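**Student:**
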Amino acid sequence: MPLYGTLDITRDPRRLPTVANLDTEAWALPKAEMMQLLIEVPRTSTEGLLPKAMHPALPSYVIAAFTRYPESPVGAFNLAVLRLGSRAGAHPRGFLLGALASTEAAAKELRSRWGFPVEHGEVKFTRRHDRVMGTAKKDGKTVLDCALVDPQPVAGSDVQYINWVTAANAPLDGQTTPLLIQVDPKYAFHKSERGKPQVSAFDASAWNAGDITLADPIIGTCCTVDTDLPRIRFVMDPLKPVFQGTRRIRESRADE
Amino acid sequence: MKFGLFYEISIPRPWTPEREREVYNNCLEQVKLADQLGFSNVWAVEHHFLEEYSHCSAPELFLTACAMVTKNIRVGHGIVVCVPEFNHPIKIAEKTATLDILSGGRLEVGTGRSATWTELGGFRANPDTTKKSWDEFVRCLPKMWTQETFAYQGEFWSMPERTILPKPYQKPHPPMWVAVTSPGTEIDAADRGMGSLGLSFAGYAEQEKKIKEYRRRIQLCEPVGSFVNEQVATTNFLFCHEDEKIGVETGKRLGNTFNYLATQLISTREVFSSPSYQSLGLLPALRRAATGPDASEQQTEGMAYGDPARIIRAIKHWESLGVDCVNFILNANETIPQEQVMASLRLFGKEVMPVFASKPSNVAAAE
Numbered sequence: 100m101p102l103y104g105t106l107d108i109t110r111d112p113r114r115l116p117t118v119a120n121l122d123t124e125a126w127a128l129p130k131a132e133m134m135q136l137l138i139e140v141p142r143t144s145t146e147g148l149l150p151k152a153m154h155p156a157l158p159s160y161v162i163a164a165f166t167r168y169p170e171s172p173v174g175a176f177n178l179a180v181l182r183l184g185s186r187a188g189a190h191p192r193g194f195l196l197g198a199l200a201s202t203e204a205a206a207k208e209l210r211s212r213w214g215f216p217v218e219h220g221e222v223k224f225t226r227r228h229d230r231v232m233g234t235a236k237k238d239g240k241t242v243l244d245c246a247l248v249d250p251q252p253v254a255g256s257d258v259q260y261i262n263w264v265t266a267a268n269a270p271l272d273g274q275t276t277p278l279l280i281q282v283d284p285k286y287a288f289h290k291s292e293r294g295k296p297q298v299s300a301f302d303a304s305a306w307n308a309g310d311i312t313l314a315d316p317i318i319g320t321c322c323t324v325d326t327d328l329p330r331i332r333f334v335m336d337p338l339k340p341v342f343q344g345t346r347r348i349r350e351s352r353a354d355e
Numbered sequence: 003m004k005f006g007l008f009y010e011i012s013i014p015r016p017w018t019p020e021r022e023r024e025v026y027n028n029c030l031e032q033v034k035l036a037d038q039l040g041f042s043n044v045w046a047v048e049h050h051f052l053e054e055y056s057h058c059s060a061p062e063l064f065l066t067a068c069a070m071v072t073k074n075i076r077v078g079h080g081i082v083v084c085v086p087e088f089n090h091p092i093k094i095a096e097k098t099a100t101l102d103i104l105s106g107g108r109l110e111v112g113t114g115r116s117a118t119w120t121e122l123g124g125f126r127a128n129p130d131t132t133k134k135s136w137d138e139f140v141r142c143l144p145k146m147w148t149q150e151t152f153a154y155q156g157e158f159w160s161m162p163e164r165t166i167l168p169k170p171y172q173k174p175h176p177p178m179w180v181a182v183t184s185p186g187t188e189i190d191a192a193d194r195g196m197g198s199l200g201l202s203f204a205g206y207a208e209q210e211k212k213i214k215e216y217r218r219r220i221q222l223c224e225p226v227g228s229f230v231n232e233q234v235a236t237t238n239f240l241f242c243h244e245d246e247k248i249g250v251e252t253g254k255r256l257g258n259t260f261n262y263l264a265t266q267l268i269s270t271r272e273v274f275s276s277p278s279y280q281s282l283g284l285l286p287a288l289r290r291a292a293t294g295p296d297a298s299e300q301q302t303e304g305m306a307y308g309d310p311a312r313i314i315r316a317i318k319h320w321e322s323l324g325v326d327c328v329n330f331i332l333n334a335n336e337t338i339p340q341e342q343v344m345a346s347l348r349l350f351g352k353e354v355m356p357v358f359a360s361k362p363s364n365v366a367a368a369e
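These protein sequence lines map, in sequence, to chains A and B. Going by this note's numbering, 347 is the number at position 248 of the first sequence; the sequence numbering is gapless. Going by this note's numbering, 199 is the number at position 197 of the second sequence; the sequence numbering is gapless.
Now the structure itself:
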């Protein structure tokens, strides 16, 4: 059967964010501008980064994303994330390796509500006509500097965003233990472009990304979307294949 | 109704030389038996880099071996990738003609464009242009097979005038097909007068809709070849057993294993935003079906597993929808032992095929 990840997130739970409960309310995030760059990475450099419950994507790739959220319950903020392409059972997922939010409040809430491994940092999202640029700094050091070059219009229907999985301590059945949490935002597209990914600075360690090196760019997209951070619907045992260890927390998004 | 075999050649880890050889030999043994039983076709995919899902990267070699150990069964590319980074069209014309000669005129040529980023990215092919290059290739191939000399200047390839040799054994040329996974590709097949080689596992209603549209459109087609190949083939899993419960359970295990492996592939649309890949192809249905390799959920209707009576009912339904040929996947990741696969084939030949045969199947010779 397919390869599995080798990361045991239960070994050092103190490194993981802790979610207060699995009942966080949803956040509506209208008119977000989201630049997403997909880049292939060597498989050997990703082996220890993916939880045992999940399958690696073949080929291995990462998703570097910068998003400008002009409206949210904690005000406007920018968010930079690095996700690892993977599979939860049969479904494509982006496993969240690391994130930086431009405000303390956003970092705190994203960490405690959805279990994002997010810290406060300097995150810039800059749109020009020839490119869209993202820069992330942590403790004054540039940890990701990238761009989508030569954006060209495409239809929103041409773009597919995959759901997220994050690792966090979360209370379930009276115990707080390491779990995998699925975060599955919805997207309504207002504007969509694609272009060539370009990365000029990348510090893998700042994103909990081991010794990942960026190899072959796939494609970049930049979209204006109405999106959300929904209520948590699924959690997964980090040590069992997800088709055996998935637990549904609530039936559907209709209960929001 | 005709029956065929369909090979992805799925091989479990660890990939030792012995393991690879064993699985290829198992496939050849199955093909030999299928030929004796009266199966019409054996198809082999062209896939690259797809880990356990498929090791069939040189289908023309496997199909040549099939032709060498059989007498009647037709050998089919299911499909040859018509993207210049994968295959040069001159080489396609030459290799298919050679295989047609070696097989004594038993070649079917399925065409397609690849659906995965794993493959397209691996060859550094541009997903935006695969439909266009496929269209060029399928219009050139019949001319390359039939004209004394050929010259071409197109968007994706060109050549000065040369004599492309050898020419196929079949005259005017082998039948041409299109792999149909994405919605609408059946229209591409019909408009070009090509056979519809269905590679998805859609249920009755969805297939019926596609078949009706295909039959309607092909009446006014402009064939790319010298003749219209109006045929509809679908893909199915086969496991036939005297005991219905064992047949269904084993068949489901086969289907679940295949589907789970298939869903690990990176569909182009998943990572590369392109108007050329609006659909995820067969993956959404597979993901619904592939909860896990040991899932017990009901799979797509119409699967050919169970006892002979159950399989006959399913195939009769396909026949009533206008399907001309059902191609069977016999194994995935060797989840079914070879002796059980062979027994399943024999039982199918003995109990099921005669129901659909225009002439008696050659079961006695196989026993």
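Heads up, the beta-carbon is just placed ideally off N, CA and C, and yes, glycines get one too. Note that the coordinates shown come from a computational prediction; the quantities given were computed from them, not determined experimentally.
Answer yes or no: do I138(A) and I261(A) have a C-beta to C-beta separation smaller than 8 Å?
**Tutor:** As a working note, residue 138(A) is residue 39 in the first sequence. As a working note, residue 261(A) is residue 162 in the first sequence. No, the pair does not count as a contact, with Cβ atoms beyond the cut-off.
**Student:** Do the stretch 238-246 of chain B and the stretch 145-164 of chain B meet, that is, are 3 or more Cβ pairs less than 8 Å apart?
**Tutor:** The stretch 238-246 of chain B vs the stretch 145-164 of chain B: no contact.
**Student:** In whole angstroms, what separates the C-alpha of A67(B) from that of L30(B)?
**Tutor:** What you label residue 67(B) is simply residue 65 of the second sequence in a count that begins at 1. What you label residue 30(B) is simply residue 28 of the second sequence in a count that begins at 1. Their backbone Cα atoms lie some 8 Å apart in a straight line.
**Student:** On the three-state DSSP scale, how would you describe P158(A)?
**Tutor:** Within the first sequence, residue 158(A) is the residue found at index 59, counting from 1. Correct three-state label for P158(A): coil.
**Student:** Quick one, which residues of the stretch 240-264 of chain A are near chain B if we go by CB-CB under 9 Å, in chain order?
**Tutor:** Of all residues in the stretch 240-264 of chain A, those with a C-beta nearer than 9 Å to a C-beta of chain B are V253, A254, S256, D257, V258, Q259 and I261, reading in chain order.
**Student:** Using DSSP with H/G/I as helix, E/B as strand and the rest coil, what is V273(B)?
**Tutor:** As a working mapping, residue 273(B) is identified with position 271 in the second sequence. In the structure shown, V273(B) sits in a helix (DSSP, three-state: H, G or I).
**Student:** Using 8 Å as the limit for Cβ to Cβ distance, is D354(A) near chain B?
**Tutor:** In the first sequence, residue 354(A) corresponds to position 255, counting from 1. Confidence at D354(A) is low in this model, with a pLDDT of 49, below 50, so its placement is unreliable and the value that follows should be read with caution. Not one chain B Cβ lies under 8 Å of D354(A).
**Student:** Give the straight-line distance between the Cα atoms of F260(B) and Y55(B), rounded to the nearest whole angstrom.
**Tutor:** As a working note, residue 260(B) is residue 258 in the second sequence. As a working note, residue 55(B) is residue 53 in the second sequence. Rounded to the nearest whole angstrom, the CA to CA distance from F260(B) to Y55(B) is 8 Å.
**Student:** Looking at chain B, which residues of the stretch 126-142 of chain A have a Cβ within less than 9 Å of any of its Cβ atoms?
**Tutor:** L137 and E139
**Student:** Looking only at its own chain, which residues have a Cβ that is under 6 Å from the Cβ of A316(B), when we skip the five neighbours before and after it?
**Tutor:** Within the second sequence, residue 316(B) is the residue found at index 314, counting from 1. G304 and A306, listed in sequence order.
**Student:** Inspect the beta-carbon positions of G114(B) and F8(B) and report whether they are closer than 8 Å.
**Tutor:** The count along the second sequence starts at 1 and reaches residue 114(B) at position 112. The count along the second sequence starts at 1 and reaches residue 8(B) at position 6. Against a cut-off of 8 Å, the Cβ pair of F8(B) and G114(B) comes out as no contact.
**Student:** Along chain B, which residues have their Cβ under 7 Å away from the Cβ of H154(A)?
**Tutor:** Here residue 154(A) corresponds to residue number 55 of the first sequence, with the count starting at 1. Q266, listed in chain order.
**Student:** Does any C-beta atom of chain B lie closer than 8 Å to the C-beta of T326(A)?
**Tutor:** Here residue 326(A) refers to the residue found at position 227 of the first sequence. T326(A) does not count as touching chain B.
**Student:** Taking only the alpha-carbon atoms, compute the straight-line gap between P185(B) and L39(B) and give it to the nearest angstrom.
**Tutor:** In the second sequence, counting from the first residue as 1, residue 185(B) sits at position 183. In the second sequence, counting from the first residue as 1, residue 39(B) sits at position 37. Rounded to whole angstroms, P185(B) to L39(B) spans 34 Å at the Cα level.
**Student:** What did DSSP end up calling M100(A) once you bin it into helix, strand or coil?
**Tutor:** Translated into positions along the first sequence, residue 100(A) becomes position 1. If DSSP states are grouped into helix, strand and coil, M100(A) belongs with coil.
**Student:** For Q251(A), which three-state DSSP category applies?
**Tutor:** Translated into positions along the first sequence, residue 251(A) becomes position 152. Three-state DSSP puts Q251(A) in a strand.
**Student:** Does M355(B) come out as helix, strand or coil in the three-state DSSP assignment?
**Tutor:** As a first step, residue 355(B) must be located in the second sequence, where it is residue number 353. In the three-state reduction of the DSSP assignment, M355(B) falls in the helix class.
**Student:** The ligand ZN and L122(B): does any heavy atom of the ligand fall closer than 7 Å to the residue's C-beta?
**Tutor:** Among the components modelled here there is no ligand, and therefore nothing to report on the ligand ZN.
**Student:** Run through DSSP, which three-state label would R182(A) get?
**Tutor:** Here residue 182(A) refers to the residue found at position 83 when the first sequence is read from its first residue. In the structure shown, R182(A) sits in a strand (DSSP, three-state: E or B).
**Student:** For T285(A), does the count of other Cβ atoms within 10 angstroms reach 16, so buried, or fall short, so exposed?
**Tutor:** Here residue 285(A) is taken as the residue at index 186 of the first sequence, counted from 1. In the sequence on display, residue 285(A) carries Lys and not Thr. When all chains shown are included, K285(A) counts as exposed.
**Student:** Taking the runs of the beta strand (DSSP E) that are 3 residues or longer, which of them lie wholly in the stretch 208-251 of chain A?
**Tutor:** 217-219, 221-226 and 230-237
**Student:** Alpha carbon to alpha carbon, how far is G344(A) from R212(A)?
**Tutor:** Locating residue 344(A) in the first sequence gives position 245, counting from the first residue. Locating residue 212(A) in the first sequence gives position 113, counting from the first residue. Using only the alpha carbons, I get a separation of about 22 Å.
**Student:** T18(B) touches chain A at which residues, Cβ-Cβ below 9 Å?
**Tutor:** For the purposes of this step, residue 18(B) is taken as residue 16 along the second sequence, with counting starting at 1. What T18(B) touches in chain A: nothing, since even the nearest Cβ is about 17 Å away.
**Student:** Does the CB of R293(A) have a neighbour CB from chain B at under 8 Å?
**Tutor:** Translated into the one-based positions of the first sequence, residue 293(A) becomes position 194. At least one chain B Cβ lies under 8 Å of R293(A).
**Student:** Taking a contact to mean a Cβ-Cβ separation below 8 Å, would you say A206(A) touches H219(A) in this structure?
**Tutor:** Taking the first sequence and counting its residues from 1, the one referred to as residue 206(A) is at position 107. Taking the first sequence and counting its residues from 1, the one referred to as residue 219(A) is at position 120. Their beta carbons are under 8 Å apart, which means A206(A) touches H219(A) by this criterion.
**Student:** Looking at L136(A): is its Cβ nearer than 8 Å to the Cβ of G309(A)?
**Tutor:** The residue given as residue 136(A) occupies position 37 in the first sequence. The residue given as residue 309(A) occupies position 210 in the first sequence. No; because the gap between Cβ atoms is not below 8 Å, this pair is not in contact.
**Student:** Just checking: is the beta-carbon of L263(B) within a distance shorter than 8 Å of some beta-carbon in chain A?
**Tutor:** Here residue 263(B) corresponds to residue number 261 of the second sequence, with the count starting at 1. So, interface residue.
**Student:** Does the beta-carbon of P295(B) have 16 or more other beta-carbons within 10 angstroms, so that it is buried, or is it exposed?
**Tutor:** The residue you call residue 295(B) lines up with position 293 of the second sequence. For P295(B), the predicted structure reports a pLDDT of 47, less than 50, and the residue's modelled location is therefore unreliable. A value from the coordinates is still provided. Buried, since its Cβ has 16 or more Cβ neighbours within 10 Å.
**Student:** Closest to V264(A) by C-alpha separation, out of L196(A), A287(A) and D325(A), would be which residue?
**Tutor:** To locate residue 264(A), count along the first sequence from 1; it is residue 165. That would be L196(A), whose Cα lies nearest to the Cα of V264(A).
**Student:** Along chain B, which residues have their Cβ under 9 Å away from the Cβ of T320(A)?
**Tutor:** Sequence index remark: in the first sequence, residue 320(A) carries index 221 (1-based). Going along chain B in sequence order, the residues near T320(A) (Cβ under 9 Å) are S275.
**Student:** Spell out a yes or no on whether the stretch 130-139 of chain B and the stretch 69-80 of chain B are touching, meaning 3 or more CB-CB pairs, one atom from each, closer than 8 Å.
**Tutor:** no
**Student:** Answer yes or no: do M134(A) and F224(A) have a C-beta to C-beta separation smaller than 8 Å?
**Tutor:** As a first step, residue 134(A) must be located in the first sequence, where it is residue number 35. As a first step, residue 224(A) must be located in the first sequence, where it is residue number 125. Yes, they are a contact pair.
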